[in-house]
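K.L.:
Those letters in the sequence shown? Residues 487 to 1202, per the working numbering, in order.
C-beta: ideal position from N, C-alpha, C; glycine also.
All figures in this text were calculated on a predicted structure; none of them were measured in a lab.
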Amino acid sequence: MIAMQMKKLVFFAYLTLIALNSNAFVTPTILFKDKEASYSIQWNNQFAQINNLVPEIKINGVWTSANQFKSIKWEKKEGTRLSENNQKYTGKVDYLYLICEGHPFVDNLTIVFEIMEGRPFLVMNASLQVANNFKLGGVRLFNSNKENIVLPGNSKDWVIFNESASAPHVGAIMYPYQLNTKKAKQGSYSKANTGVWLSMLINDSKNYAFSFASIAGELWPNNFKWELPEEGNFNKLRISARSGAIFEKEEIWVTVGKKIVTDAFLVGFWDNQRPTQTLLETGVIIGENVRKGKPMRTPDPGWSSWHSYGRNITEKQFLKTADFINNNLKEYGWKTVQLDGGWWNNPGLYSVNDSFPNGIRYLANNLTAKGLKFGLHVSPLSTNATDPIIKQHPDWILRPISTKKIDQNDDEMATTIGRIYVDGSHPDVPPFSAARYQQMIESYRPSFMKWDHHYGGLDEGIRYDSTMTFMQAHNKTIRAIRSALPEDLIVTRSMGYIFGALECYDAIRIGQDINHPGIKSANEPYTNITYGKTLGTIEDDQVEKGLVRFARTAAQNYYIHKNIAICDPDAFFVSPQYTIDEAKCHMTLEAIMGGLFFFGDKVESLPTERLNLLKNKDIIAVNKLGVHAIPLDLFTGVDIPTIWKLETKDRLIITIFNWLDNEVSKSYNLKTDFELNSSKYKLTELWTKNNFNIALDKLTLNQPAHSVKIIEFLKY
487 MIAMQMKKLV
497 FFAYLTLIAL
507 NSNAFVTPTI
517 LFKDKEASYS
527 IQWNNQFAQI
537 NNLVPEIKIN
547 GVWTSANQFK
557 SIKWEKKEGT
567 RLSENNQKYT
577 GKVDYLYLIC
587 EGHPFVDNLT
597 IVFEIMEGRP
607 FLVMNASLQV
617 ANNFKLGGVR
627 LFNSNKENIV
637 LPGNSKDWVI
647 FNESASAPHV
657 GAIMYPYQLN
667 TKKAKQGSYS
677 KANTGVWLSM
687 LINDSKNYAF
697 SFASIAGELW
707 PNNFKWELPE
717 EGNFNKLRIS
727 ARSGAIFEKE
737 EIWVTVGKKI
747 VTDAFLVGFW
757 DNQRPTQTLL
767 ETGVIIGENV
777 RKGKPMRTPD
787 PGWSSWHSYG
797 RNITEKQFLK
807 TADFINNNLK
817 EYGWKTVQLD
827 GGWWNNPGLY
837 SVNDSFPNGI
847 RYLANNLTAK
857 GLKFGLHVSP
867 LSTNATDPII
877 KQHPDWILRP
887 ISTKKIDQND
897 DEMATTIGRI
907 YVDGSHPDVP
917 PFSAARYQQM
927 IESYRPSFMK
937 WDHHYGGLDE
947 GIRYDSTMTF
957 MQAHNKTIRA
967 IRSALPEDLI
977 VTRSMGYIFG
987 ALECYDAIRI
997 GQDINHPGIK
1007 SANEPYTNIT
1017 YGKTLGTIED
1027 DQVEKGLVRF
1037 ARTAAQNYYI
1047 HKNIAICDPD
1057 AFFVSPQYTI
1067 DEAKCHMTLE
1077 AIMGGLFFFG
1087 DKVESLPTER
1097 LNLLKNKDII
1107 AVNKLGVHAI
1117 PLDLFTGVDI
1127 PTIWKLETKD
1137 RLIITIFNWL
1147 DNEVSKSYNL
1157 KTDFELNSSK
1167 YKLTELWTKN
1177 NFNIALDKLT
1187 LNQPAHSVKI
1197 IEFLKY
């Protein structure tokens, strides 16, 4: 009876898409009931269904169901594309509308579904027309009062990947049963049970992957929250999709007649490709939409002052390092020398301190004369309470709803002490900021800039313009600054969210700060790879410091590279605080990422054997390929992936890490472990030039603790 009452909207004659080849994809369909706002999204698969979905709006602090509107109807009609064109999917596009009308505060709530023939995902967003003034706390494009995804088989065959709101911070990969744990409901920048911008549900052994991903970042983030609605039943999951502030503290005033449009996101299901490829494809789709056609450029490899000198860097030391790089490393491609934090008197106040008696332009001129590139660190959204202009305009400052106590031992967050942040919703802030940084660039002439400390400007707070969200205020200011600067200036962003005016940046930081070499304390007893647990399953406590922490972050963010932005890892080290093998691990990991390639050592004091690592042309050449290796075992339940595959038209490179504290002897199957269909290769390890043999389609390796083998596979 229920089935007879349901309308199944079949847009295409070939809905089932009976596969003519192995690459055929199944188009999602929408099931709904007349005069009801509930719906389901289904694919041609018994379990690939997301059911019991209902939109909701948070009005004056209360979530209101779309079913409370007086008039509810579904219509198929012409529409405007929500997503950019994609070369892989070129089918006919149709649009379905859920239209809800007649609420005291909202004249019209419309959900739009963009569905394309032969495409395994739909794209959707919401708009609402305001009838009376109210405080808007968010829009759930779907929620459920019970489970909406039921998993077949063993729930531990499935993992959930939730991206973090913040680009430098690692997302969460967990089993469904872990959604019930205290840790899943915690997080500094977003909660572990909620994917901000992106979330996936994956069965790696079956090649199944649900993907939920934002393709815009203009209003509020899209938050995809996972829950267990039935205690102890880990096969029944509930996911909701909410456009709103990450911690749900920020609300905005919406006024009569105003139209609010949420950022579009995709909902898809893939069942015929590796989940790591599905994540990569999702990254491509995101990038096609959020980059707005803007190119991405990578600075030449180089050195950053922060990791060895922090705020104690001086003009003399900076130029000494530049001279050494010019005389010893420039011929190997190391050409950028970046002055990080510490050149100013106070955080957020850009008056040059006495450690640079000749000024910043003097440094730039010195490097340019040597054929080197000058990089400079600033924090464009932060300022200082002692700034005389800020003193005259106290309403330019953002007032966060809540504040965080900063640990003095936290290398990353301690750099924010003393900073306050501008409120981009104030109409005078964007033009003032643009003029300030335009003057700085014209005076100092960097070719590369690191824009840091965006977090504070993204806080959920009380803004001058209470009708603007934190994303809108952030985007307005950043776009104003970037439009005032030279087009050829390369910009990387650090300590910020993944989305937000992304077209203004060439690169974004994807890893937390690496420990400074030589710094040890009771809270941080190690400075290298040996910090804490180094490998286990995703059920174990995750390591929080050092290279292995960075390796996990790099693994989970490969999809970003050259799609959303170029990946900018923190600088690597080859210093003696590492063993030689550990130093090779760090340098190799950043080489196979294909992004920014910077080291942070006191380079002029490095022993010869360490300096020679920086002169290895084969490893440098891998980085210059510009391609990010794919961590093949990312979704297998291993804590830190060990097998990374980098493939271009001309080269195939497999990198294998041993993160363990003991030697490992293991045989790798070329098909199941490396995803190769042939065994006819000549194998050469790039650090040592040693050759390896394949026997019975297997490669057997003996690896010392904390070591890496980066192996080129040449077909014959």
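#1: Below 8 Å between beta carbons: does that hold for Asn619 and Thr741?
#2: Take Ser1193 and list the residues in its own chain whose beta-carbon comes closer than 6 Å to its own, dropping the five residues that flank it on each side.
#3: Secondary structure at Ala612, three-state DSSP: helix, strand or coil?
#4: Under a Cβ-count criterion, where at least 16 other Cβ atoms within 10 Å of its own Cβ denotes burial, should Gly834 be classed as buried or exposed?
#5: One question on the structure: do Ile746 and Ser613 come within less than 8 Å of each other, judged by their Cβ atoms?
#6: Is His852 helix, strand or coil when you go by DSSP?
#7: Taking three-plus beta-carbon pairs below 8 Å as touching, is the region 839 to 857 in contact with the region 770 to 789?
#8: Who are the near neighbours of Tyr923 in its chain, counting only those whose CB is closer than 8 Å to its CB and skipping five residues on each side?
#9: Under three-state DSSP, which class holds Trp549?
#10: Considering just the uninterrupted stretch of the alpha helix (DSSP H) at Met1073, what are its terminal residues?
#11: Among Val753, Val592, Tyr1154, Thr768, which one has its Cα closest to the Cα of Gln759?
#12: Under the three-state reduction of DSSP, which class applies to Asn816: helix, strand or coil?
#13: Three-state secondary structure (DSSP) at Arg995?
#14: Counting only the same chain and skipping the five closest in sequence on each side, list residues whose C-beta sits under 7 Å from that of Thr1074.
#15: Going by CA-CA distance only, name the one from Ile635, Val915, Glu649, Tyr661 that's closest to Ser641.
#16: Check this for me: beta carbons of Phe599 and Val540, under 8 Å apart or not?
#17: What are the residues that DSSP puts in a beta bridge with Trp789?
#18: Could you check where the beta strand (DSSP E) with Tyr427 kicks off and where it finishes?
#19: Once you ignore the five residues that flank Gly577 on each side, which residues in its own chain have a CB closer than 7 Å to its CB?
#20: Kindly list the residues whose CB is nearer than 7 Å to the CB of Pro638, restricted to its own chain and excluding five residues on each side of it in sequence; keep chain order.
#21: When the Cα atoms are used, what is the spatial distance from Phe720 to Pro1190?
#22: For the alpha helix (DSSP H) that Arg922 lies in, which residues bound it at each end?
#23: Quick test of your reading: Gln1042 and Val656, contact by CB under 8 Å. State the CB separation rounded to the nearest angstrom.
#24: Beta-carbon within less than 7 Å of Ala871's beta-carbon, same chain only, minus the 5 sequence neighbours each way: which residues are those?
#25: Which value, in whole angstroms, describes the spacing of the CA atoms of Ile701 and Arg777?
#26: Within 10 Å of its beta-carbon, does Tyr1202 have 16 or more other beta-carbons around it, so buried, or fewer, so exposed?
#27: With respect to the beta strand (DSSP E) encompassing Arg626, which residues constitute its N-terminal and C-terminal limits?
#28: Could you check where the alpha helix (DSSP H) with Ala959 kicks off and where it finishes?
#29: Would you check if there are 3 or more beta carbon pairs closer than 8 Å linking the region 1113 to 1120 to the region 1076 to 1088?
P.N.:
Walking through what the data contain:
#1: Numbered from 1 along the sequence shown, position 133 holds the residue referred to as residue 619. Numbered from 1 along the sequence shown, position 255 holds the residue referred to as residue 741. Yes. Within cutoff.
#2: Counting from one through the sequence shown, the residue named residue 1193 turns up at place 707. So the qualifying residues of the chain are Asp1067, Asn1144.
#3: Residue numbering aside, residue 612 sits at position 126 when the sequence shown is read from its first letter. If DSSP states are grouped into helix, strand and coil, Ala612 belongs with the strands.
#4: Taking the sequence shown and counting its residues from 1, one reaches residue 834 at position 348. Per the 10 Å Cβ criterion, buried.
#5: Within the sequence shown, the letter at position 260 stands for residue 746. Within the sequence shown, the letter at position 127 stands for residue 613. Yes, these two residues count as a Cβ contact at 8 Å.
#6: Within the sequence shown, the letter at position 366 stands for residue 852. First, the amino acid is wrong: residue 852 is Asn here, not His. DSSP, read as helix, strand or coil, puts Asn852 in helix.
#7: no
#8: As a working note, residue 923 is residue 437 in the sequence shown. Val864, Pro866, Ile967, Ala970, Leu971, listed in sequence order.
#9: Residue numbering aside, residue 549 sits at position 63 when the sequence shown is read from its first letter. Note: Trp549 maps to strand in three-state DSSP.
#10: Taking the first residue of the sequence shown as 1, we reach residue 1073 at position 587. Met1073 -> alpha helix (DSSP H) spans 1066 to 1077.
#11: Working through the sequence shown from its first residue, we reach residue 759 at position 273. Gln759 has its Cα closest to that of Thr768, out of Val753, Val592, Tyr1154, Thr768.
#12: Position 330 of the sequence shown holds residue 816. This sequence places Lys at residue 816; Asn is not what is there. Reduced to three states, the DSSP call for Lys816 is helix.
#13: Taking the first residue of the sequence shown as position 1, residue 995 is located at position 509. In the structure shown, Arg995 sits in a strand (DSSP, three-state: E or B).
#14: Looking up residue 1074 in the sequence shown gives position 588. Closer than 7 Å at Cβ, skipping near neighbours: Ile1105, Thr1141, Val1194, Ile1196.
#15: For the purposes of this step, residue 641 is identified with residue 155 of the sequence shown, where counting begins at 1. For the residues Ile635, Val915, Glu649, Tyr661, the minimum Cα distance to Ser641 belongs to Tyr661.
#16: On the sequence shown, position 113 is the one that residue 599 refers to. On the sequence shown, position 54 is the one that residue 540 refers to. Cβ distance not < 8 Å, so Phe599 and Val540 don't count as in contact.
#17: Your numbering for residue 789 matches position 303 in the sequence shown. DSSP lists Val823, Phe1085 as partners of Trp789.
#18: Residue 427 lies beyond the range of the chain shown here (487 to 1202); nothing can be said about it.
#19: The sequence position of residue 577 within the sequence shown is 91, counting from 1. For Gly577, where only same-chain residues beyond five positions count, the Cβ hits under 7 Å are Met602, Glu603, Gly604, Arg605.
#20: As a first step, residue 638 must be located in the sequence shown, where it is residue number 152. Around Pro638: Phe533.
#21: By one-based count along the sequence shown, residue 720 stands at place 234. By one-based count along the sequence shown, residue 1190 stands at place 704. Phe720 and Pro1190 have their alpha carbons spaced roughly 39 Å apart.
#22: Walking along the sequence shown from the start, residue 922 turns up at place 436. 915 to 930 is the extent of the alpha helix (DSSP H) around Arg922.
#23: The count along the sequence shown starts at 1 and reaches residue 1042 at position 556. The count along the sequence shown starts at 1 and reaches residue 656 at position 170. Right, their Cβ atoms sit about 6 Å apart.
#24: Within the sequence shown, the letter at position 385 stands for residue 871. If we look at Ala871 and ignore the five residues flanking it on each side, its Cβ neighbours are Ile906.
#25: Translated into positions along the sequence shown, residue 701 becomes position 215. Translated into positions along the sequence shown, residue 777 becomes position 291. Spanning the two alpha carbons is a distance of roughly 10 Å.
#26: As a first step, residue 1202 must be located in the sequence shown, where it is residue number 716. It counts as exposed.
#27: Counted from its first residue, the sequence shown places residue 626 at position 140. Here the beta strand (DSSP E) through Arg626 covers 620 to 629.
#28: As a position in the sequence shown, residue 959 is number 473, starting the count at 1. Run containing Ala959: 956 to 969, per the alpha helix (DSSP H) assignment.
#29: yes
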